[in-house]
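Engineer: Residue numbers (the numbering used here): 7 to 235.
All C-beta atoms, glycine included, are put in the ideal place defined by N, C-alpha and C.
This one's a predicted model, so the numbers in the text were calculated from it and none came from an experiment.
#1: Can you list the beta strand (DSSP E) stretches of 3 or more residues lying completely in the segment 19 to 95, in chain order?
#2: Within 8 Å, do at least three Cβ pairs link the segment 195 to 207 to the segment 81 to 98?
#3: Go to residue 173, then tell me how far its alpha helix (DSSP H) extends in each direction, as first and last residue.
#4: On the three-pair Cβ rule with 8 Å, is the segment 35 to 45 touching the segment 122 to 141?
#5: Contact defined as beta carbons within less than 8 Å: I believe residue 56 pairs with residue 188. What is the distance between those atoms, to the nearest angstrom?
#6: State buried or exposed for residue 25, treating a residue as buried only when at least 16 other CB atoms are found within 10 Å of its CB.
#7: Is residue 63 buried or exposed, if buried means 16 or more other CB atoms sit within 10 Å of its CB?
#8: According to DSSP, what are the bridge partners of residue 226?
#9: Given this structure, state the Cα-to-Cα distance separating residue 6 from residue 159, to the nearest angstrom.
#10: Looking at residue 226: is its Cβ nearer than 9 Å to the Cβ of residue 213?
#11: To the nearest angstrom, how far is it from the Cα of residue 74 to the Cα of residue 155?
#12: What residue does the beta strand (DSSP E) around residue 154 start on, and which one ends it?
#13: Opposite residue 138 in the DSSP bridges: which residues?
#14: Would you report the Cα separation of residue 123 and residue 202, rounded to the nearest angstrom?
#15: Is residue 194 helix, strand or coil when you go by DSSP?
#16: Residue 204 by DSSP, collapsed to three states: which one?
#17: Should residue 77 be labelled buried (16 or more other beta-carbon atoms within 10 Å of its own) or exposed?
#18: Please report the residue range of the alpha helix (DSSP H) in which residue 117 lies.
#19: Thinking C-alpha only, which one of 126, 33 and 181 is nearest residue 82?
#20: Have a look at residue 174 and residue 39 and give me their C-alpha separation to the nearest angstrom.
What follows is the structure, encoded as structure tokens:
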């Protein structure tokens, strides 16, 4: 790919960004990074090259669910089109860092129950498919279902944070994003995640634009039809 560019660090005022409903139950506030990124591409992306139109049909895939916060966000704000769908993938075991110090993560013991309860309360719960399992093991089933042509409009990668897992998710799922589609890399400020993202994307993927929003990297897959006439 070409070099990642246009990566401002965006400071977001809480009163200007979308908020999740108080009906949900979360023990962690990590999802705030997604709210910041969504605000950034909606308001600070002046040329609108990165855009997600919530009125259009969207196929969203997220890797990493935890307590379902990001799932609820996508369901509430980006699944309003009758044909839009979200696939949420997670083994519900927690990541390596969670398992090393479980006492720091009070919701770890009931992750799946909490996630499913939260998602069931979301505005478009009927359009959310929760698939329990590791993303690399789920991939063959999705490949069999959708085929080899790109089919994802929005990809949200927030799974395990070790470099091998991140690189594997990128290698498998980014090629399935349509030209013009949007990819969110959560925890890009984490050194292992950043290393995997930079190395993997430089190896095979071309991004038209990428924005660093303080903790996440948001990129748009090059639209070859537009760029090559």
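Structural biologist: A quick look at the data gives this:
#1: 65 to 69
#2: no
#3: In the chain shown, counting from the first residue as 1, residue 173 sits at position 167. Where residue 173 is concerned, the enclosing alpha helix (DSSP H) stretches over 169 to 179.
#4: no
#5: In the chain shown, the residue the question calls residue 56 occupies position 50. In the chain shown, the residue the question calls residue 188 occupies position 182. Sure, about 6 Å apart at Cβ, within 8 Å.
#6: Locating residue 25 in the chain shown gives position 19, counting from the first residue. Exposed.
#7: Here residue 63 refers to the residue found at position 57 when the chain shown is read from its first residue. By the 10 Å Cβ count, residue 63 comes out exposed.
#8: Here residue 226 is taken as the residue at index 220 of the chain shown, counted from 1. Answer is 188 and 215.
#9: The first residue shown for the chain is 7 and the last is 235, placing residue 6 beyond what the model contains.
#10: Start at 1 with the first residue of the chain shown, and residue 226 comes out as number 220. Start at 1 with the first residue of the chain shown, and residue 213 comes out as number 207. A contact, by the Cβ cut-off of 9 Å.
#11: Against the chain shown, residue 74 aligns to sequence position 68. Against the chain shown, residue 155 aligns to sequence position 149. Rounded to the nearest angstrom, the two C-alpha atoms are 28 Å apart.
#12: Along the chain shown, one-based indexing puts residue 154 at 148. Run containing residue 154: none; DSSP gives neither H nor E here.
#13: The residue you call residue 138 lines up with position 132 of the chain shown. In the DSSP output, where bridge partners are listed per residue, residue 138 has 96.
#14: Position 117 of the chain shown holds residue 123. Position 196 of the chain shown holds residue 202. Each residue's Cα considered, the two are about 33 Å apart.
#15: Along the chain shown, read from residue 1 onward, the residue named residue 194 stands at position 188. In this structure, residue 194 counts as coil in the three-state DSSP scheme.
#16: Within the chain shown, residue 204 is the residue found at index 198, counting from 1. Helix, per DSSP.
#17: For this step, residue 77 is matched to residue 71 along the chain shown. Buried, since its Cβ has 16 or more Cβ neighbours within 10 Å.
#18: Locating residue 117 in the chain shown gives position 111, counting from the first residue. Start and end: 117 to 127.
#19: In the chain shown, counting from the first residue as 1, residue 82 sits at position 76. Nearest option by C-alpha distance: 126.
#20: Mapped onto the chain shown, residue 174 falls at position 168. Mapped onto the chain shown, residue 39 falls at position 33. The alpha-carbon atoms of residue 174 and residue 39 are separated by roughly 23 Å.
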